[in-house]
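**Q**
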């Protein structure tokens, strides 16, 4: 059981490190989004994908270790939470303290990562709205007003002034 707890504490520590690395990337991403540097944004996004892959692998290892601990304790793995495990470790204060520290560190990292990701999402939405606004403005500036030309049947011919579809007319 002691080695299982050591494995769990080790995996949680590695998972905390991975989340903190992802947190650092997300903080850099905020600056890159604000500066609108697409090359750096792509590089950071690729790095984030690698970090998420490492976290997924560590999460799988943590789940396996937790399942082993649940088998040893004869508990249901679905109901065995980390906070419950910390309470059960009252007889082993060193392991309990290490497990509680890893748990708190992991929770703090995930909470901060969630906050920064929300901030980045809002920045990206604002950037997309600005691009859409600029596209609409650009399209509106290219559209010329219609002339008041009417056909024989008294319908507007809908001809636009200027060059059609924004093409260049060399004769003008």
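Numbering (the numbering used here), first residue to last: 4 to 175.
Note that beta-carbon positions come from the ideal geometry of N, C-alpha and C, so glycine has one too.
1) Are three or more beta carbon pairs between the stretch 68–78 and the stretch 27–44 nearer than 8 Å?
2) Nearest CA to the CA of residue 69: which residue from 44, 58 and 9?
3) What number of angstroms, rounded off, separates the C-alpha of residue 123 from the C-alpha of residue 49?
4) Taking the straight line between their C-alpha atoms, what separation do you get for residue 110 and residue 89?
5) Please confirm whether residue 106 and residue 85 have their CB atoms less than 8 Å apart.
6) How should residue 21 be labelled, buried or exposed, when 16 other C-beta atoms within 10 angstroms of its C-beta is the threshold for buried?
7) Write down the C-beta distance between residue 15 and residue 95 rounded to the nearest angstrom, noting that I regard them as a contact closer than 8 Å.
8) Mind listing, in chain order, the continuous alpha helix (DSSP H) runs of no fewer than 4 residues lying wholly within the stretch 86–153?
9) Identify whether residue 7 lies in helix, strand or coil by the three-state DSSP scheme.
**A** The relevant details are as follows:
1) With a cut-off of 8 Å on Cβ pairs, the stretch 68–78 is not in contact with the stretch 27–44, counting fewer than three such pairs.
2) 9
3) 16 Å
4) 14 Å
5) yes
6) buried
7) Not quite, the Cβ-Cβ distance comes to about 16 Å (not below 8 Å), so this is no contact.
8) 96–145
9) In the structure shown, residue 7 falls within a helical segment according to DSSP collapsed to helix, strand and coil.
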